[in-house]
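Protein chains in written order, with my numbering: chain H, -6 to 386; chain V, 68 to 383. First the structure, in the form of structure tokens, and then the observations on it.
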Amino acid sequence: MSIRERLSGNEAAAIAMKQINPDVVAAFPITPSTEIPQYFSTFVSNGEVNTEFVAVESEHSAMSATIAAEAAGARAMTATSANGMSLMWEMIYIASSLRLPIVMSLVNRAVSGPLNIHNDHSDAMGVRDAGWVMLFSENNQEAYDNLIMAHRIAEHKDVKLPLMVCQDGFITSHSIENIELIEDDKVKAFVGEYKPEEYLLNKKNPIAIGPLDLQAYLFEHKTQQAIAMKNAKKVILEVAEDFEKMTGRKYSFFEEYKMEDAETAIVCMNSTAGTAKFVVDNLRAQGIKAGLIKIRVFRPFPAEEIAKALENCKAVAILDKADSLNAAGGALFEDVTSAMYVNQKQVPMVNYVYGIGGRDTTSKDIEKVYTDLDEIAKTGNVSDPYRYLGLRG
Amino acid sequence: MAYNLKQVIAEKPSRFTAGHRMCAGCGAPSVARMVLRALKPEDHAVISCATGCMEVSTFIYPYTAWTDSFIHTAFECSAANTSGVEAAYKALKRSGKIPENEETKFIAFGGDGGTYDIGLQALSGAMERGTDMVYVCYDNGAYMNTGIQRSSATPRFADTTTSPAGKVVPGKMQNRKDLANIMANHHIPYVAQSIALNNYKDLYEKSEKAIYTKGAAFLNVLAPCPRGWGYNTEDLMQINKLAVETCYWPLFEVIDGKYIVNYKPKNKLPIEEFLKPQKRFKHMFKPGNEWMIKEFQEEVDRRWEELLNLEEITNK
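Structure representation (structure tokens):
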């Protein structure tokens, strides 16, 4: 029997880590992810895990130590947010290039500056091209479930890429909600043992990793990472299938909420999907054919599948919780519109940058987006595709 | 420690192999070779190395000069990498994935750029956490890999590409940082300053102590650079000797807080002897610049006296 609990998103992530029982955790505190290493170090101090906890002196060292621990043959995990991710940035690329299946919780927060501790997705968007598998979570349950699935995806022989599980800072990380936990032994069996083929601590077969990789080889090596990212799509679905067998909870690249006959749709990530579902339900009650796509797998980006899911809509709004400051639109907007174009789907699309620095996004805001979409659906015209939601006039 | 150094060198195979691309006359490869020679033959080692001359010249894909396991990631995190590997080792030993009787030692290398400057934070963190490792700084006194820019290890007045000796500013204007003392003040069990000299006896013995001391250990080894210092490649060992005989680079150890000065020259040579063969100090010998040599000498003397005092105080 699964265990019913009430936990915050950070607690859920820490409990998932306890059940995974990694060999090494190296982390540095930063709001709002601080609680994850806090809770976890309590598990260490009380002997509830076998993990070696390294209380490093910075996020740069957190990722450096995690990389080296994973390369040494250990299952290594960490957690961070915002500026912590920024400080890790150099090592984030190195982690994926060394093909190390590190798993990290990224509790999304606005990247400075100016300083702000609240939620948006600018930290995650800053590393979207770094070669990490990126999973997003609507709530504490998904943050937990994604972590339980993470190692199976990251460590798969066709993938071997690091993976980050994103959840919204404070909104998810500090809100206590109901959650269904899986029994320890089931998690242990599901996650399995980490058995790397090559690792630094193997005395019988010493290895050297992290070379100077010049013109004759780097291109091929980067392409291998790209292939692994493509391979991850199949693996993510396989792992989700096994997970569904164990828990009954179904996961895919994205969740399609009332999309079968939807004429207007919103595409978004993380906790905003909860608010959007509430609005969709209200609109449906009024006979408005509204739908929602909540992206779970942002990297690899399921371009073809998204294009297919949106092909019959009359108007679509893509919500970006980070501005790309590029005079063209947010990152998710560009990915989705590019997916539509390449797959020859012609649907009017509009971008809303919203929730920056923790600006509250209410059901009224989301309703306004659907109202705008109705107008676009009628005329087929999007004169200003790069818009803001919840910005003071 | 009864042993025959010549025999050790002859019999122990080098774990850092020939074929690397370090410059002729560079002090660093002999440091790497001798440090690794201090490992017991039966012990495995995981080496980490900061980005720098040593890394880019010894591990160019698909070749490596390292016979032990080796990891390089970036410039500032050699110590943090070793910290991660050491944590993995403890965890895997505890879970029985590494046999109980198997011994692995952890050695991090970095130049003065990766150690005194950009990597100082990671180094300080790893030492403070008591990581069971040795950090070896091969100190060539500037960022040599990127083309001889000044570092906090560069001595005063040295001509570098970011502290050029010009008409108004005569080279680097600041004194060098004293990293060995900074590490000693972390109160770790073993800190030493060494150099490749006299058949490497000093370096070999300190490496052995550092590697086989439980806990964090730090070795600072002067490793001259023929390009950055401007000496003839064949004069490497002579430069090393002059660094010690002038007390520019004192040989000492700090064992559990006690300073031991390993060598006190009977006739301390004037600093000119060390400065003169090096092009980076050429401008100091022009007429009118005698004050530079005088002030350089005063700084050397001051630090030497301080070291002797530390030895006295900590052994009372």
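Where a beta carbon is used, it is the ideal one built from N, C-alpha and C, also for glycine.
Item: Short-range partners of chain V found in the segment 192 to 203 of chain H, where Cβ spacing is below 7 Å; Value: L193, L194, K196, P199, I200, A201, I202 and G203
Item: Cβ of L91 of chain H within 9 Å of any chain V Cβ; Value: yes
Item: Three-state secondary structure assigned by DSSP to P237 of chain V; Value: strand
Item: Cβ contact (3+ pairs, closer than 8 Å) linking the segment 46 to 53 of chain H and the segment 134 to 149 of chain V; Value: yes
Item: Interface flag, T59 of chain H vs chain V, CB-CB below 9 Å; Value: yes
Item: Whether G208 of chain V touches C292 of chain V by CB criterion (9 Å); Value: yes
Item: Unbroken alpha helix (DSSP H) run spanning R277 of chain H, endpoints; Value: T265 to A278
Item: Residues that T44 of chain H contacts on chain V, provided the C-beta gap is smaller than 8 Å; Value: A158
Item: Chain H contact residues for V201 of chain V, given Cβ-Cβ distances below 9 Å; Value: Ordered by position in chain H, no residue passes the 9 Å Cβ test against V201 of chain V, which lies about 16 Å from the chain.
Item: Contact with chain V by I53 of chain H, beta-carbon distance below 9 Å; Value: A small fix is needed here, since residue 53 of chain H is His in this sequence, not Ile. Chain V contact via Cβ: present.
Item: C-beta contact flag for V201 of chain V and V102 of chain V at 9 Å; Value: yes
Item: Distance, N212 of chain V Cα to T227 of chain V Cα; Value: 13 Å
Item: F246 of chain H classed as buried or exposed, judged by whether at least 16 other C-beta atoms fall within 10 angstroms; Value: buried
Item: Cross-chain neighbours of N148 of chain V in chain H, by beta carbon under 8 Å; Value: S57, A58, I60 and A61
Item: Neighbour list for I249 of chain V in chain H, Cβ cutoff strictly below 9 Å; Value: Result: empty, since nearest Cβ-Cβ is about 15 Å, beyond 9 Å.
Item: Three-state secondary structure (DSSP) of A19 of chain H; Value: strand
Item: Buried/exposed call for N344 of chain H, threshold 16 Cβ in 10 Å; Value: buried
Item: Neighbour-count burial assignment, K150 of chain H, 16 or more Cβ in a 10 Å radius; Value: exposed
Item: Members of the segment 157 to 174 of chain H that neighbour chain V once the beta carbon cut-off is set at 9 Å; Value: none
Item: Residues of its chain near H111 of chain V, where Cβ-Cβ distance is below 6 Å and the 5 sequence neighbours each way are ignored; Value: T171
Item: Buried or exposed (CB count within 10 angstroms, at least 16 for buried), I338 of chain V; Value: buried
Item: At least three beta-carbon pairs within less than 8 Å, the segment 179 to 194 of chain H to the segment 115 to 131 of chain H; Value: no
Item: Start-end ranges of the beta strand (DSSP E) lying completely within the segment 240 to 318 of chain V, minimum 3 residues; Value: 257 to 262 and 283 to 289
Item: Buried versus exposed call for M(-6) of chain H [16 or more other C-beta atoms within 10 Å across all chains shown]; Value: exposed
Item: DSSP-derived helix/strand/coil call for D161 of chain H; Value: strand
Item: Nearest-angstrom Cα separation, counted from K276 of chain V out to A77 of chain V; Value: 20 Å
Item: Alpha helix (DSSP H) segment containing M211 of chain V, residue limits; Value: Neither: M211 of chain V is in no alpha helix (DSSP H) and is coded neither H nor E.
Item: Three-state class that DSSP yields for M(-6) of chain H in the structure shown; Value: coil
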